[in-house]
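Under UniProt numbering, the residues of the sequence shown are numbered 1 to 177, in order. Note that beta-carbon positions come from the ideal geometry of N, C-alpha and C, so glycine has one too. Just so it is clear, the structure is predicted and the values come from calculations on it, not from any experiment.
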Amino acid sequence: MRTDDFWAVIDRATASKPASPAEVAERAVAELVTCDPEEIVAWGRHLDKVMAASGTEDLWAAAYLINSGADEAGFDAFRGWLIAHGRKAVAAAVQSPDVLANVLVIKAAADTGAVFEAEEVLGIAARAYEQATGQPLPPGEGGRNRPAVGDLWDFDDEDEMRRRLPKLSALFLEPPD
1 MRTDDFWAVI
11 DRATASKPAS
21 PAEVAERAVA
31 ELVTCDPEEI
41 VAWGRHLDKV
51 MAASGTEDLW
61 AAAYLINSGA
71 DEAGFDAFRG
81 WLIAHGRKAV
91 AAAVQSPDVL
101 ANVLVIKAAA
111 DTGAVFEAEE
121 VLGIAARAYE
131 QATGQPLPPG
141 EGGRNRPAVG
151 DLWDFDDEDE
161 MRRRLPKLSA
171 LFLEPPD
């Protein structure tokens, strides 16, 4: 499976109408379950690659700021939410996480406290494979990569957060004294 084929599944899952990440996951599972099991495994490997590529320190900091905290599972779930919004959204956020300040629902979250997580997106391949074969998805290479917690800069350091993510900080942090 090519990278374009991986993203085509997500694109088709979002194309018919605006969809929540849960709906994107359901539609993607429904499509993948009709594929050969090897294709489902390959799709899951591409998901692992996207997770590995998006496991950056500053994207984790953005998730931490936006969601009022993000442990390892929370960061993974945030990336699931991001993946449900497609290739361009993931690429832009990985390149410059501060661009997330331009997303309308994230801007609104500064007032509403909404949390952006979609664990169900991370389970698309496993659910499709199990539905198609009756067996659990074979273990992959483990693409839930992220920096080690001990190696992260202090996400509670508001000065550092403002330096690295100025637009998101302006939305989610109190103005400095």
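7 angstroms or more divides the Cβ of residue 32 from the Cβ of residue 108. With respect to the C-alpha of residue 138, the residue from 41, 19, 51 having the closest C-alpha is 41. Note on residue 29: 16 or more other CB atoms within 10 angstroms of its CB, so buried under the neighbour-count rule. DSSP places residue 167 inside the alpha helix (DSSP H), whose first and last residues are 166-172. Within the same chain, Cβ atoms closer than 7 angstroms to the Cβ of residue 100 are found at 62, 66, 93, 106, 168, the five residues on either side in sequence being excluded. The closest CA to that of residue 83, considering only 9, 170, 165, 126, is found on 9.
Following the DSSP letters along the chain, one finds residue 7 inside the alpha helix (DSSP H) bounded by residues 3-15. Between residue 59 and residue 97, the CB-CB gap stays under 7 angstroms. The alpha carbon of residue 85 has as its nearest neighbour, out of 104, 73, 68, 69, the alpha carbon of 104.
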